[in-house]
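If you count by this note's numbering, then the sequence shown holds residues 17 to 494, one letter each, in order. Even for Gly, the Cβ is constructed at its ideal location relative to N, Cα and C. Just so it is clear, the structure is predicted and the values come from calculations on it, not from any experiment. These notes are about the structure you will find just below.
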Amino acid sequence: MQNSVYDVIVIGAGSGGLGVSLSMLKLGCRVLLVDKSDKKIGGECLNDGCVPSKALIHVSRMIHTARQSSDFGLEIAGKPDIEKVFKYVHERQEIIRKHENAAYLKAEGMNVVLGTASFVSKDEVEVNGQKYRGKKIVIATGSKPAKLTVPGVERVKYYDNENVFRLTALPAKILMIGAGPINIELGQALHRLGSEVTIVENSGKILSHDDEAVTDVLFERLKLEGIKFIMNARLESFSSPAIAVIKHKEGALLNVEFDALFVGIGRELDFAELKLANAGIETKDGKIVADARLQTTNKNVFLCGDIAGSLKFSHAAEQHTRLLVNNFFSPLKKKLNNDRMSWVTFSDPEVAAFGLSEKQLKDRNTRYRRLENDFSDDDRAVTDDYRYAKMVLFITKGIWFARQKILGGAMAAPNAGELIEELILANAQGLSINAIFNKIYPYPVAARINQQTIVNLKQEQLTPGLKKLLQLAFKIFS
Ligand SMILES: Cc1cc2nc3c(=O)[nH]c(=O)nc-3n(C[C@H](O)[C@H](O)[C@H](O)COP(=O)(O)OP(=O)(O)OC[C@H]3O[C@@H](n4cnc5c(N)ncnc54)[C@H](O)[C@@H]3O)c2cc1C
């Protein structure tokens with residue numbers, strides 16, 4: 017049965033789908049939002065990702081900080097009650113779910129259908145046997161954790177982000193496969209709650225997408241806390257449901273016993289149930305083919321969020337939303353550009369990055385300077401005990417009075433995600449480093465380290481010739 021034509025049909029109500037559908041609704045469009053069930057609304061971020069992981073990190077950080085008070089004579093004894101920990105996590109999710117559910121969205125004026133959507137023609141999707149036509153259709157169906165396929169895996173019950181937040185007891189020994197952001201965040205949180213955590217990583221580095229100067233800081237801190245790493249090694253097989261066989265790059269084999277296995281080895285795009293061929297939408301190499309405007313090979317169907325196969329963050333989905341909404345209303349079409357993207361791994365210390373990486377700068381033959389600064393002499397780092405922290409900044413080449421611009425950077429520090437915000441602004445707005453240099457920061461805010469990095473550069477750029485000029489100026493003008 018054909019019922020009506022919507023301005024926009026959005027498939028998937030996660031970060032991307034909610035963003036596009038709510039924006040289009042507020043702008044006066046007739047919107048249909050589809051997700052598989054009411055509990056799926058909010059997508060991975062609310063249900064199995066950002067929200068539960070950040071709530072768990074919050075609790076584990078409190079417990080860790082409390083334990084550190086023994087340095088000052090206040091002894092903390094006992095173990096955290098895991099049921100209470102996860103109750104807190106689930107309560108936080110329910111607070112956000114109050115405005116991310118079908119009834120709420122319907123009350124806002126959204127048409128919501130619960131069920132699995134698939135294409136039946138170029139401009140029609142079918143849900144629960146009913147067809148819906150859209151002038152534009154946005155696919156925002158997200159991604160899934162990549163599955164383990166090694167021999168013996170069928171005998172092992174393992175966790176990934178889709179079931180870890182439903183743990184009812186804390187495993188004594190956790191083996192984690194992969195040292196990406198999901199496992200690093202979760203591994204530290206579960207270790208702080210009381211599990212013994214071992215992380216296996218097939219490269220020599222954690223957080224492979226971030227600058228090594230800052231990931232090394234985190235790596236050392238995690239090891240100091242007691243998290244074990246087996247680097248340059250890969251999971252070969254399971255010799256029993258509780259023993260993993262790990263192979264080092266040089267060939268040595270290691271048996272590692274575990275009570276629970278966690279897998280965080282990347283993300284997969286799964287679009288079989290969308291029946292894309294019915295709409296003339298092409299796929300290639302496990303991705304949906306789309307151009308820089310996120311337009312698929314069907315000119316009225318677009319991608320948003322993880323399914324676009326680019327950066328997989330909630331704020332990347334937000335960036336896609338802005339692009340799509342602009343392009344739906346404006347003749348000036350925007351293209352996706354990740355040059356000013358940023359991301360944060362919410363470990364302790366946090367690792368935050370923004371703009372272009374050193375590799376990207378080199379690949380593009382950009383002339384840049386790499387500035388590094390550690391926090392050992394920063395007063396706030398001294399008082400708050402994080403002198404181990406470090407930052408890296410990439411700026412355009414230039415001299416003292418030139419308008420050198422910030423191209424990118426990274427930081428490992430407590431609250432690094434907040435500390436780099438002003439650098440992200442400078443980068444996004446094309447401000448010169450003088451915007452940071454000329455600021456007066458309240459003493460001793462932690463963000464003063466950003467200014468100190470620029471001050472160090474300015475001091476280094478004071479050549480003997482420049483100093484002579486300044487002496488002359490002093491004679492004339494003082
Ligand atoms: C543990 C973890 C922590 C994370 N932490 C962060 C973080 O701190 N910050 C950050 O920015 N990002 C984080 N992320 C990434 C973030 O969760 C994702 O990038 C984001 O949720 C992607 O949003 P999306 O809209 O593309 O997809 P999703 O949120 O996955 O939503 C897709 C929706 O589509 C629905 N759907 C799928 N197929 C169909 C269909 N055929 N019909 C109808 N509905 C369908 C699904 O049910 C789902 O609700 C984290 C991820 C994980 C796993």
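What does the alpha-carbon distance come out to for the pair residue i and residue j?
i	j	result
K70	H115	19 Å
F287	A451	46 Å
L48	L285	23 Å
M17	K147	Here the model assigns M17 a pLDDT of 44, short of 50, so the residue's position is not dependable, and the following value carries that caveat. Those two C-alpha atoms are separated by around 6 Å.
V367	C66	15 Å
I10	Y384	Past the boundaries of the shown model lies residue 10; the chain is included only from 17 to 494, so the question cannot be answered.
D301	I456	51 Å
N218	E228	16 Å
I351	Y459	Reading off the sequence shown, one finds Lys at residue 351, where the question assumed Ile. Going by the C-alpha atoms only, they are around 41 Å apart.
I57	M40	17 Å
V305	T132	22 Å
T214	Y402	25 Å
S448	F88	44 Å
G150	E212	52 Å
C45	R309	20 Å
S53	V216	35 Å
L369	L121	The question names Leu, yet the displayed sequence has Ala at residue 369. Approximately 34 Å between the Cα atoms of the pair.
L191	N381	41 Å
I422	N454	15 Å
Give the secondary structure of residue i by DSSP, where H, G and I count as helix, E and B as strand, and everything else as coil.
i	result
T399	helix
K147	strand
F362	coil
P96	coil
V50	strand
T81	helix
P197	helix
L441	helix
Q335	helix
M357	coil
Q376	helix
N117	coil
P161	strand
Q311	strand
S330	helix
S494	coil
G59	helix
I190	strand
K103	helix
I27	strand
I111	helix
L383	Position check: residue 383 holds Arg in this sequence, whereas Leu was assumed. Of the three classes helix, strand and coil, the one that applies to R383 here is coil, per DSSP.
A429	strand
S137	strand
G321	helix
M126	coil
V10	This structure gives no information on residue 10, because the portion of the chain shown stretches from 17 to 494.
S448	strand
Determine the contact status of residue i and residue j, defining contact as a CB-CB distance below 8 Å.
i	j	result
D85	I92	According to the sequence displayed, residue 85 carries Ser and not Asp. Closer than 8 Å, so yes.
V7	K406	There is no way to answer for residue 7, as the model of the chain reaches only from 17 to 494.
A162	I27	no
I465	F362	no
L186	L209	yes
G282	K303	no
N248	H225	no
P365	A432	yes
V166	L251	yes
L409	T469	yes
L223	P257	no
D501	K328	Any answer about residue 501 is impossible in this case: the structure gives the chain only from 17 up to 494.
D23	K160	no
L72	A205	yes
L435	A462	yes
I440	S330	no
V169	F274	no
E60	G30	yes
Say the cut is 7 Å; is the CB of residue i nearer than that to a heavy atom of ligand 3?
i	result
S39	By its list of ligands, the structure shown excludes ligand 3, since it contains just ligand 1.
With residue i and residue j assumed to form a contact (beta carbons below 8 Å), what rounded beta-carbon distance in angstroms separates them?
i	j	result
K138	A295	5 Å
S373	G424	6 Å
L10	V36	Nothing can be reported for residue 10, as the shown portion of the chain is limited to 17 through 494.
F135	L292	6 Å
A118	L130	6 Å
V279	G194	7 Å
Query raised in the report: For the stretch 204-261, which segments carrying the beta strand (DSSP E) assignment without a break, of at least 3 residues, lie completely within its bounds, in sequence order?
Result: 212-216, 244-246, 249-256
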